[in-house]
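To keep things clear, I will list the structure first and then write my remarks on it.
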Amino acid sequence: MATLAVITVNVHDMDQAVVFYTEHLGFGVRNDSAAPMFVELDSEGPLILLQQCERPAKADYPDGACVLLNLAVADVDAELARLRGIGADVLHDSPQVCPVGRYVAVADPSGNVVELIEFSG
Numbered sequence: 195m196a197t198l199a200v201i202t203v204n205v206h207d208m209d210q211a212v213v214f215y216t217e218h219l220g221f222g223v224r225n226d227s228a229a230p231m232f233v234e235l236d237s238e239g240p241l242i243l244l245q246q247c248e249r250p251a252k253a254d255y256p257d258g259a260c261v262l263l264n265l266a267v268a269d270v271d272a273e274l275a276r277l278r279g280i281g282a283d284v285l286h287d288s289p290q291v292c293p294v295g296r297y298v299a300v301a302d303p304s305g306n307v308v309e310l311i312e313f314s315g
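According to our numbering, the sequence shown holds residues 195 to 315 in order.
Structure, rendered in structure tokens:
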């Protein structure tokens, strides 16, 4: 079986993406020596690599197929309020229920969708 090593997120505006992933989601920058083409984010899991591309995504969330970045949070209600307060593009009016807990989705400046999930129990 292959091992998940890198999650690449294509972004059309690297400056906006770095602000979103660091200031809004709390990641740090591990390495930006190849910016603006690539920026590595600090993660407790696999390497997250922001990669410059030409156009934003046209995700049809939640109906269309896409890859989602899911981040565990302790309090999804607090995260929803915080994200709304900073003007993030929140995709749900309230937390959504799923088999493992509750989540909200937010779009990054390039249209990629990130779900913040509070696991139950």
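Even for Gly, the Cβ is constructed at its ideal location relative to N, Cα and C.
| Item | Value |
| --- | --- |
| With a cut-off of 8 Å, do at least 3 Cβ pairs link the stretch 264-271 to the stretch 283-298? | yes |
| Compute the Euclidean distance between the alpha carbons of P240 and Q210, then round it to the nearest angstrom. | 22 Å |
| Where do the N-terminal and C-terminal ends of the beta strand (DSSP E) with R296 fall, by residue? | 295-301 |
| What is the DSSP secondary structure of V212, counted as helix, strand or coil? | helix |
| In this structure, how does DSSP classify R249 when only helix, strand and coil are distinguished? | coil |
| Between Q245 and V203, how many whole angstroms is the CB-CB distance? I'm expecting something under 8 Å. | 7 Å |
| Around the C-beta of L198, are 16 or more other C-beta atoms found within 10 angstroms, so that it is buried, or is it exposed? | exposed |
| With DSSP collapsed to three states, give me the class of A268. | coil |
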